[in-house]
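> Start counting the sequence shown at 3; every next residue gets the next number (the numbering used here). Quick reminder that beta carbons are idealized off the backbone N, C-alpha and C, glycines included.
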Amino acid sequence: MSLRTRHESPRTRHEFAKDPTSRQPHMHIIDISVTLRDGLAAWPGEDYWRLDKTLRIAEGGAANVSRITMGLHCGTHVDAPWHFGLSDQTAESLPLDRFITPARVVDCTGVAQAITRADLAGRIDGTAAVLLKTANSGTLESLASFNRQFVHLDPSAATYLVESGVHTVGVDYLSVEGFFAEGAPVHRILLAARVAIIEGLDLSAVEPGDYTLVAAPLKIAGGDGAPCRAVLIGQTASGRVGL
Ligand SMILES: [Zn+2]
3 MSLRTRHESP RTRHEFAKDP TSRQPHMHII DISVTLRDGL AAWPGEDYWR LDKTLRIAEG
63 GAANVSRITM GLHCGTHVDA PWHFGLSDQT AESLPLDRFI TPARVVDCTG VAQAITRADL
123 AGRIDGTAAV LLKTANSGTL ESLASFNRQF VHLDPSAATY LVESGVHTVG VDYLSVEGFF
183 AEGAPVHRIL LAARVAIIEG LDLSAVEPGD YTLVAAPLKI AGGDGAPCRA VLIGQTASGR
243 VGL
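Here it is in structure tokens:
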């Protein structure tokens, strides 16, 4: 369901409660994570996902129990500064206020390949976190094969984000950086300025606008990145953020 549908319809206190047993009728939660499952596109030669069975009730086990094997940059995840050696900071010590924060979804669906400073100028004032919605959104969830031509940031956009005082940047494919970029300049500009990076979002169901982001990374000691479950919490009928 699109946000537009919800915003245009007359709303009641209970409209936002999908679950009739919910005690939080004001909560309007939009899942912006991709589903970890077989067939999910991964960075070539680096990341992968696998779920294996440990026990199954149907096979005489006392419970259903599974284990996973995955790259830390698989699906929706965050990058730690240590990923590119910019500091020793790894996933377990990332500041959570970068991931639980007001955030703005900015429409970049008209950008063909590289988002530049000009695409963002005047559109990110006054927000702490910027999530860039592009033509990438939805392609991971649809299990399309890895796309080397994905929409990404160029260094001028990264520099503009830093200059604007943004502390978190989120993108809707597996890197903030273009696939063919040499030396990872976008990662370096952002991570050196202690800007948190979230990758692999799915913003296809989200209207551009202001929300509360919740995307805390798993607390993995020594992690160069960490998976996260990312959601946006929208405005409610009362006009308050439903948190
Ligand atoms: Zn990553």
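For R231 and L38, what's the separation of their Cα atoms in angstroms?
Straight-line Cα distance between these residues: approximately 10 Å.
> Beta strand (DSSP E) containing E48: first to last residue?
Premise fails: E48 is in no beta strand (DSSP E) and is neither H nor E.
> Can you give me the Cβ contacts of R150 inside the same chain, cut-off strictly under 7 Å, excluding the 5 residues immediately before and after it?
Once the five neighbours on either side are set aside, the close Cβ partners of R150 are F181.
> Could you name the residues of the same chain whose beta carbon sits closer than 7 Å to that of D226, not counting the 5 residues immediately before and after it, in chain order?
Contacts found: L74, A82, W84, H85, T92.
> Check each residue's C-beta against every heavy atom of ligand 1 and list, in chain order, those closer than 5 Å.
Residues with a Cβ closer than 5 Å to any heavy atom of ligand 1, in chain order: H75, D81, E201, G227.
> To the nearest whole angstrom, what separates the beta carbons of G202 and H79, a pair I think is in contact under 8 Å?
The Cβ separation is near 6 Å, so the contact holds.
> Compute the beta-carbon to beta-carbon distance between V188 and V197, rounded to the nearest angstrom, for a pair I have assumed lies under 8 Å.
Rounded, the Cβ-Cβ distance is 10 Å, inconsistent with contact.
> Counting C-beta neighbours from all protein chains within 10 Å, is the total for A105 16 or more, i.e. buried, or is it exposed?
The residue is buried, with at least 16 neighbouring Cβ atoms inside 10 Å.
> Determine the DSSP secondary structure at V233, reduced to helix, strand or coil.
Here V233 sits in strand by DSSP.
> What is the C-beta distance between D204 and D174, in whole angstroms, given that I count them as a contact (C-beta under 8 Å)?
So it is a contact: roughly 6 Å between Cβ atoms.
> Label N138 either buried or exposed according to how many other C-beta atoms from any shown protein chain fall within 10 Å of its C-beta, with 16 as the threshold for buried.
With 16 or more Cβ atoms within 10 Å of its Cβ, N138 is classed as buried.
> Kindly indicate which residue of W45, S35, H30, G87 has the alpha-carbon position closest to the one of G185.
Among W45, S35, H30, G87, the Cα nearest to that of G185 is on G87.
> Could you compute how far the alpha carbon of R119 sits from the alpha carbon of V164?
Each residue's alpha carbon lies about 11 Å from the other.
> According to the neighbour-count rule (16 or more other Cβ atoms, all chains shown, within 10 Å of its Cβ), is P219 buried or exposed?
Buried, by the Cβ-count rule.
> Where R69 and I34 are concerned, what is the direct C-alpha to C-alpha distance, given to the nearest angstrom?
One C-alpha to the other measures close to 24 Å.
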